[in-house]
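S.K.: The following block contains the structure, expressed as structure tokens.
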Amino acid sequence: MKVVFLSTFAFDANISLINALKNKCDIYFFTEALYEIDNYLDKNKLSEFLSVGTDVQEIQRFSELIPLDKTFVIKGTRQINVVKKLYNSYRIDKKIREINPDLIILDSHLITYFFTAFRYSKKSLLIVHDPFFHSGENFKADILLRKLYFSLVENKILLNKNQKNDFINHYKQDSNKIFTSFLSVYEYLTFYGGINDKKNTSFNVLFFGRISPYKGVKYFLDACVEIIESGQYPNISFTVAGSGDFDFDITKYYNYSQIKIINKFIQPEELSQFIKSSSVVVCPYVDATQSGVVMSCFAFKKPVIATNVGGLPEMVEDGKTGVIIEPKSTESIKEAIFKLYENPQILEQMSENIAQEYLYGEKSWSQSGEYFIDAINSIIKK
Numbered sequence: 001m002k003v004v005f006l007s008t009f010a011f012d013a014n015i016s017l018i019n020a021l022k023n024k025c026d027i028y029f030f031t032e033a034l035y036e037i038d039n040y041l042d043k044n045k046l047s048e049f050l051s052v053g054t055d056v057q058e059i060q061r062f063s064e065l066i067p068l069d070k071t072f073v074i075k076g077t078r079q080i081n082v083v084k085k086l087y088n089s090y091r092i093d094k095k096i097r098e099i100n101p102d103l104i105i106l107d108s109h110l111i112t113y114f115f116t117a118f119r120y121s122k123k124s125l126l127i128v129h130d131p132f133f134h135s136g137e138n139f140k141a142d143i144l145l146r147k148l149y150f151s152l153v154e155n156k157i158l159l160n161k162n163q164k165n166d167f168i169n170h171y172k173q174d175s176n177k178i179f180t181s182f183l184s185v186y187e188y189l190t191f192y193g194g195i196n197d198k199k200n201t202s203f204n205v206l207f208f209g210r211i212s213p214y215k216g217v218k219y220f221l222d223a224c225v226e227i228i229e230s231g232q233y234p235n236i237s238f239t240v241a242g243s244g245d246f247d248f249d250i251t252k253y254y255n256y257s258q259i260k261i262i263n264k265f266i267q268p269e270e271l272s273q274f275i276k277s278s279s280v281v282v283c284p285y286v287d288a289t290q291s292g293v294v295m296s297c298f299a300f301k302k303p304v305i306a307t308n309v310g311g312l313p314e315m316v317e318d319g320k321t322g323v324i325i326e327p328k329s330t331e332s333i334k335e336a337i338f339k340l341y342e343n344p345q346i347l348e349q350m351s352e353n354i355a356q357e358y359l360y361g362e363k364s365w366s367q368s369g370e371y372f373i374d375a376i377n378s379i380i381k382k
């Protein structure tokens, strides 16, 4: 069985998923070098429109996870250049026809793979990362492209079960063509320096990721201020790291030495160090689907405080791999931080639980890959 995986992201979940699938099918991987923020690939270093993975230095470190000789990096073009984008889509489709796959996996709804999505519409599986748009992020171009791809590609797979029925009802989908799987750990980050099992000498609470209104960063920062001003926990520090525009005034938070705000794009080497140096990570989201942030933390066995929204409770098991709290609640964030700070044995047990469940157990990539294989077989039989 020959499968082509079409992605706009080179790392995060995809290389681990490909690693889980490669022993069950003959898999080819296409990814686009466009914005470094997406996949850390510099398109200006590419001499060809399509470069084989063995010739792209940035991804050679992942040779044990993905087949580099069957990996192709596209020298990307911005969405605004529609004519060139469509021409490039035609060129990519021509290469894919040479491979002659039994099935296509798509992880996005961009123009890059439009011709292939059209040609293989009944033999494709679209990964729907965000079944519903996040607060403040329903951009017109995304809405149009999503509608286009949802109409083209009949078979879709969600990465959480919680939203399956709502998705089917909202978009009027055929329930027999909607599948589910789940995210597992973002192990690509561990290739940047490896996992550090040293115990932290201080207690650091970390928020990281793209800054956006739905992330609830203000609730976290307000909790930080209240903890600091109480004067009871002088050795707790707080870090907010990520690019994007804050939707509130952050000036006052710079007055606290225990709060570190790094408002820039975080390279994987830096992110790896931030997570390793943290004691616990906070996801104070107002709404969510699943979260790559959680999976990045779990790769380093770090527990997560997450809100009870979207698919997060599927990923973070309350009391076992982290703490689930109510959204939009500064008080709930404080209580969760206090609980873990005052009970280091709980943190240690949560870390062990993460390893058992996500690295070796029921929520590993091996198990996630089985759900994908079941979906692929079902589509091919039809």
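Numbering (full-length UniProt numbering), first residue to last: 1 to 382. For glycine and all other residues, C-beta sits at the position ideal for the given N, C-alpha and C. Just so you know, these numbers come straight off a predicted model, no measurement behind them.
#1: Along the chain, where does the beta strand (DSSP E) that runs through valine 205 open and close?
#2: What residue range is occupied by the uninterrupted alpha helix (DSSP H) comprising tyrosine 28?
#3: Within the same chain, show all residues whose beta-carbon is closer than 7 angstroms to that of isoleucine 168, passing over the 5 residues directly before and after it, in chain order.
#4: Identify the residues that DSSP records as bridge partners of lysine 156: which are they?
#5: Spatial neighbours of aspartate 197 within its chain, please: CB distance less than 7 angstroms, with the 5 preceding and 5 following residues excluded, ordered by chain position.
#6: Leaving aside the five residues before and after tyrosine 371 along the sequence, list all residues of the same chain whose C-beta is less than 6 angstroms from its C-beta, in chain order.
#7: CB alanine 33 to CB valine 73, shorter than 9 angstroms?
#8: Is it a yes or a no for the stretch 244-252 touching the stretch 209-221, going by three-plus beta-carbon pairs under 8 angstroms?
#9: Which runs of the beta strand (DSSP E) fall wholly inside the stretch 286-331 and span at least 3 residues, in chain order?
#10: Determine the direct distance from the alpha carbon of isoleucine 27 to that of phenylalanine 115, and round the result to whole angstroms.
#11: On the DSSP bridge list, what partners appear for isoleucine 105?
#12: When we look at the beta-carbon of glycine 231 and count the other beta-carbons within 10 Å, is it buried (16 or more) or exposed?
#13: Near lysine 320, what residues of its chain come up, given a Cβ to Cβ distance below 6 angstroms and the 5 sequence neighbours on each side ignored?
#14: Thinking valine 185 and tyrosine 358 are a contact (beta carbons under 8 angstroms), I'd like their distance in whole angstroms, please.
#15: By the three-class DSSP mapping on this structure, what secondary structure does glutamate 362 have?
#16: Would you check if there are 3 or more beta carbon pairs closer than 8 angstroms linking the stretch 6-16 to the stretch 281-289?
#17: If you follow the alpha helix (DSSP H) that lysine 84 is part of, which residue opens it and which one closes it?
#18: Hey, is the stretch 293-304 in contact with the stretch 340-351, meaning 3+ C-beta pairs nearer than 8 angstroms?
#19: Under the rule that 16 or more other beta-carbon atoms within 10 Å means buried, what is alanine 141, buried or exposed?
#20: List the residues that DSSP assigns as beta-bridge partners of valine 281.
#21: Terminal residues of the continuous alpha helix (DSSP H) containing phenylalanine 115?
#22: Return the CA-CA distance between proline 327 and lysine 45, expressed in angstroms with no decimal places.
#23: Quick one: Cα of isoleucine 195 to Cα of isoleucine 275, how far?
M.R.: Judging by the given coordinates:
#1: 203-208
#2: Per DSSP, tyrosine 28 belongs to no alpha helix (DSSP H); it is in the beta strand (DSSP E), 26-33.
#3: The answer, listed in chain order, is Ser175, Ile178.
#4: Leu126, Ile178
#5: The predicted position of aspartate 197 is uncertain, since its pLDDT is 49 and thus under 50; a value taken from the coordinates is nonetheless stated next. Within the same chain, aspartate 197 has no close Cβ partners at all.
#6: Ser181
#7: Contact flag set, yes.
#8: yes
#9: 304-307, 322-325
#10: 20 angstroms
#11: Phe5, Leu125
#12: exposed
#13: Asn353
#14: 5 angstroms
#15: coil
#16: Taking a cut-off of 8 angstroms for Cβ pairs, the stretch 6-16 and the stretch 281-289 do not touch, as fewer than three such pairs fall below it.
#17: 82-99
#18: yes
#19: exposed
#20: Leu206, Val304
#21: Counting along the chain, the alpha helix (DSSP H) containing phenylalanine 115 begins and ends at 114-119.
#22: 43 angstroms
#23: Only weak support exists for where isoleucine 195 lies, its pLDDT of 49 falling under 50; the coordinates are left without a value.
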